[in-house]
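According to the UniProt record's numbering, the sequence shown holds residues 1 to 410 in order.
Glycine included, each C-beta is placed from N, C-alpha and C at the ideal position.
Structure, as structure tokens:
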Amino acid sequence: MPNPSHTVAVIGAGPAGLMAADIISRAGVPVAVYDAMPSVGRKFLLAGIGGMNITHSEALPAFIGRYAPAQDWVADWLADFSPSQLREWIHAQGIETFVGSSGRVFPTDMKAAPLLRSWLSRLRQQGVQLHPRSRWLGWHADGSLRIAQGDTELSIQPSACVLALGGASWARLGSDGQWQSLLASRGVALSPLQAANSGFTCVWSEHLRSQFGGAQLKPLAVHYRDEHGQPHSLQGECVLTEHGIEGSLIYAISRLLRETINRDGQVTIGLDLLPQRTQADIQQRLSKPRGKQSLGKFLRAQLKLDAAKVALLHELSSAEQRQDPATLAALLKHLPLTLTGLRPLDEAISTAGGVQRAALSDDLMLQALPGTFCAGEMLDWEAPTGGYLLTACFASGVRAGNGVLRYLQR
């Protein structure tokens, strides 16, 4: 039975923080959740715009592999709260889910708001107190928490605390990374925050920027090399931007691309503009007489190559290369694109880096601050889009919440 004098503070009202509050309050321990924003779950709600991708249906070993190089750590959380258990939990909120053609899992209505409303209603029934517009400022000398509410500062001393403050992307939604200096001052080991699931910069001509910024590239395959130099190919979709390239296909390999840029200053990938066709078929079609047709019209007629891909081909090849059918066919299957950097951290979907695993117990309690737990994106892990980010945030909240209960029992 919980000690009636115990109380817990959760700092941050995203999925990880709310899940920790859910676990703790279900055990009968009073929980107060503090969040700097005027309302809770803001980034969660933004993720639901255009379709709330809550998790993924692929087999668990492949699912866990998405978290490399932190896969062993995240696998430990998923042992407590797996993707299938997440779906069961959503169903218990009265929200049905379905599996899309890509294997991604969505609520039936594709929205985040109904799930959040149902969840918050249940949390209130469990006695959880929600305090928006309440910014955590760190600690007083006696270890109590400093909470700013407008012009007033509260001093609270809970039995335990869960920090679930997010990374440093989309700061306007609350994840501003200001917690880094507060934890560093207490001797907590941190890895620098970096952009994850981010767009990359390229050197574009003014014509490509102005005429094709925002154009979708699909279907498309990308050729790249892993950290061991082994070649890989991946098919999907991406978007040309004024500054470079972004989208789910790029996000899937963003960690590898980022680390290569960190090491070498740039990275070159190959774009397959026609993944549904073989190079031999392309060359055979390009060997037909073109007559007076422009190359763009010829490519559209023979290969159904759209205007954005034609523009990209012109951007990344020479006129001489485009004259020879064999060379042109090879380029269409492996068009070299050099990425020169990442877009700013605040534009990224998520962040890498944060509180290092060595700074935490298995229950996600800070070694340097007994009774203080961490969860969610402020931990040093990352994952591609596709439901993997949210699943691990939920699972880390479960791990931290159960860790708090074990700590209070001790």
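- Note that the C-beta distance between A164 and V10 is below 8 Å.
- For D272, the beta-bridge partners assigned by DSSP are A221.
- In the assembly as shown, N262 is an exposed residue. Its beta-carbon has fewer than 16 other beta-carbons within 10 Å.
- Distance from L303 to I282 at the Cβ level is roughly 7 Å; contact confirmed, criterion being Cβ atoms closer than 8 Å.
- Per DSSP, the unbroken alpha helix (DSSP H) holding E206 starts and ends at 206-212.
- For I64, the enclosing alpha helix (DSSP H) begins and ends at 60-65.
- Judged by their CB atoms, V162 and A20 are nearer to each other than the 8 Å cut-off.
- Leaving aside the five residues that flank A171 on each side, the residues in its chain whose CB is nearer than 7 Å to its CB run, in chain order, D346.
- The straight-line gap separating the alpha-carbon atoms of L313 and E320 is approximately 12 Å.
- Under the DSSP definition of a beta bridge, H56 partners with R104.
- Boundaries for Q321: no beta strand (DSSP E) harbours it, and the DSSP string shows neither H nor E there.
- Residue pairing by DSSP places T351 opposite A195 in a beta bridge.
- The bridge partners DSSP lists for H131 are Y34.
- Look at Q235 here: in three-state DSSP terms it is strand.
- The Cβ atoms of L256 and D226 lie closer than 8 Å to each other.
- Within the same chain, and ignoring the five residues on either side of S144 in sequence, the residues whose Cβ sits closer than 7 Å to its Cβ are S155, I156, Q157.
- Note: T97 is bridge-paired with P107 in the DSSP secondary-structure output.
- Separation of G247 and V267 (C-alpha to C-alpha, rounded to the nearest whole angstrom) is 17 Å.
- Exclusion of the five residues before and after E382 leaves A196, R255, S350, A352 as the residues of its chain whose Cβ lies within less than 7 Å of its Cβ.
- Contact annotation, F98 with P83: C-beta distance approximately 14 Å; criterion of less than 8 Å not satisfied.
- Ranked by how close their Cα comes to the Cα of G138, the residues P132, Q93, R186, Q126 have R186 in first place.
- Short of 7 Å from the beta carbon of S25, and not among the five residues preceding or following it, lie these beta carbons of its own chain, in chain order: V31, L123, Q126, G127, V128.
- With contacts defined by Cβ atoms closer than 8 Å, G354 and G17 do not form a contacting pair.
- Cβ-Cβ distances below 6 Å link F212 to L240, A308, A311 in the same chain, with the five nearest sequence neighbours on each side left out; the list follows chain order.
- Closest in alpha carbon position to P219, among A301, A168, D272, is D272.
- The continuous beta strand (DSSP E) containing R146 extends over residues 145-149.
- DSSP places S175 in the coil class of the three-state scheme, outside both helix and strand.
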